[in-house]
Amino acid sequence: MTSEPIYHRYVALGDSFTEGVGDPDSRRPNGLRGWADRVAEVLATKSDDFGYANLAVRGRLLKPVIAEQLEPALKLQPDLITIYAGGNDIMRPKVDLDHLVELYDAAIGRLSVTGARVVMFTGFDLGFAPVFGKLRGRVAIYNELVREVAETHGATIVDYWRFREYRDDRYWDVDRLHMGTAGHQKMAIHVLDTLGISHDIKPPRLRAMSAQTKKERRDADLAWAKGYAVPWVQRRIQGTSSGDTVKPKRPELAPI
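Anchor point for the sequence shown: position 45 equals 44 in numbering that gives the first Met the number 0, and the numbering is continuous, going up by one each time.
Shown next as structure tokens:
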């Protein structure tokens with residue numbers, strides 16, 4: 000029987016996906032929990048000297064993720080690293096995916112040579128989404144390039160693209176851009192299962208679905224556009240980010 004791996008120093012890098020946006024918890028740094036915290040909680044039960052750092056900051060493009068988080072992560076000498084970056088780049092009007100993933104490849108190379116297990120993610124399949132579905136092809140190309148990077152450096156892939164349950168609105172926050180609590184809980188399960196780590200996290204209990212009339216759906220879409228889509232576009236135009244004043248919620252390795 001093969002024993003499951005044990006990790007002692009886990010460092011999470013990335014943007015809002017990894018920071019935990021959409022999964023509020025006032026007791027935690029930045030007021031967020033998220034899938035990475037949930038993974039760390041399980042890993043902590045396997046090791047007496049476990050430490051966890053989360054350097055992710057919402058709104059970060061791939062280049063700032065690398066520039067701001069790579070060196071601090073390396074200094075912490077992790078034996079497990081998770082990183083997701085590029086999602087915010089993909090949503091910009093223009094993006095050079097080949098150049099983007101060249102930067103990603105170099106960063107993953109530096110992380111992998113440390114001997115740490117490196118975990119990467121594909122992007123989510125937006126094909127079902129009314130507004131963001133037009134980006135589906137762009138995400139698919141990005142994913143193929145990411146898979147090549149992972150194969151080159153021996154990194155592990157958590158294949159978000161194939162998680163069809165996320166086509167259910169109940170896995171998402173009200174902003175429709177970030178996973179909600181149920182989405183983060185389910186992602187923690189996917190990550191732990193991919194790592195081969197036993198756990199007792201249960202699938203989320205989803206609220207009952209309520210039928211909507213066409214008018215109710217249209218009104219909800221208009222409210223979403225006014226409350227979330229328009230401000231997001233305005234930030235892009237102004238060159239600002241939701242994370243401009245945000246600091247990493249766990250900059251140093253510490254128990255959880």
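Where a beta carbon is used, it is the ideal one built from N, C-alpha and C, also for glycine.
Using a 10 Å radius around the Cβ and a threshold of 16 neighbouring Cβ atoms, would you call residue 88 buried or exposed? Result: buried.
Please go through the same chain and pick out, in chain order, the residues whose beta-carbon is closer than 7 Å to the beta-carbon of residue 153, but skip the five residues on each side of it. Within the same chain, residue 153 has close Cβ partners 111.
My output table needs one value for residue 200: the three-state DSSP class, helix, strand or coil. Assigned with DSSP and collapsed to three states, residue 200 falls in coil, not helix or strand.
Just tell me which of 104, 40, 113 and 103 has its CA closest to the CA of residue 74. Residue 74 has its Cα closest to that of 113, out of 104, 40, 113 and 103.
How many Å lie between residue 76 and residue 208 at the Cα? Rounded to whole angstroms, the gap between the alpha carbons of residue 76 and residue 208 is 45 Å.
Spatial neighbours of residue 124 in its chain, beta-carbon cut-off 6 Å, leaving aside the 5 residues before and after: Counting only Cβ-Cβ distances below 6 Å, and skipping sequence neighbours, we find 160.
Neighbourhood of residue 189 by C-beta, 7 Å cutoff - its chain only, sequence neighbours within 5 removed: Counting only Cβ-Cβ distances below 7 Å, and skipping sequence neighbours, we find 157 and 162.
DSSP bridge partner residues for residue 171 (one or two, in chain order): Note: residue 171 sits in a beta bridge opposite 178.
Just list the residues that DSSP pairs residue 12 with in beta bridges. DSSP lists 82 as partners of residue 12.
Whose C-beta lies closer than 7 Å to the C-beta of residue 195 among residues of the same chain, with five residues either side of it excluded? Within the same chain, 3 and 4 come within 7 Å of residue 195 by CB-CB distance, once the 5 residues on both sides are set aside.
Would you mind listing the alpha helix (DSSP H) stretches within the segment 48-107 that are 4+ residues and don't spill past its ends, in chain order? 61-74 and 86-89, all fully within the segment 48-107.
Of the residues 41, 42 and 83, which one's Cα is nearest the Cα of residue 58? Checking every option, the nearest Cα to that of residue 58 belongs to 83.
Reference residue 165; option with closest CA among 151, 150, 181 and 155: For the residues 151, 150, 181 and 155, the minimum Cα distance to residue 165 belongs to 181.
Could you check what DSSP says for residue 155 in three-state terms: helix, strand or coil? Of the three classes helix, strand and coil, the one that applies to residue 155 here is strand, per DSSP.
What are the residues that DSSP puts in a beta bridge with residue 23? The partner list for residue 23 (beta bridge, DSSP) reads 31.
Is the Cβ-Cβ distance between residue 144 and residue 100 less than 8 Å? Contact check for residue 144 against residue 100 passes: the beta carbons are separated by less than 8 Å.
Nearest CA to the CA of residue 243: which residue from 56, 23, 200 and 13? The shortest C-alpha separation from residue 243 is found at 56.
Excluding the five sequence neighbours on either side, which residues of its own chain have a C-beta within less than 7 Å of the C-beta of residue 249, listed in chain order? Excluding residues within five positions, the ones whose Cβ falls inside 7 Å are 28, 51, 52 and 53.
What residues in its chain sit with their C-beta under 7 Å from that of residue 120, if we drop five residues either side in the sequence? So the qualifying residues of the chain are 83, 157 and 159.
DSSP three-state call for residue 125: helix, strand or coil? In this structure, residue 125 counts as coil in the three-state DSSP scheme.
Helix, strand or coil at residue 208 according to DSSP, with G and I counted as helix: Taken through DSSP and simplified to helix, strand or coil, residue 208 comes out as coil.
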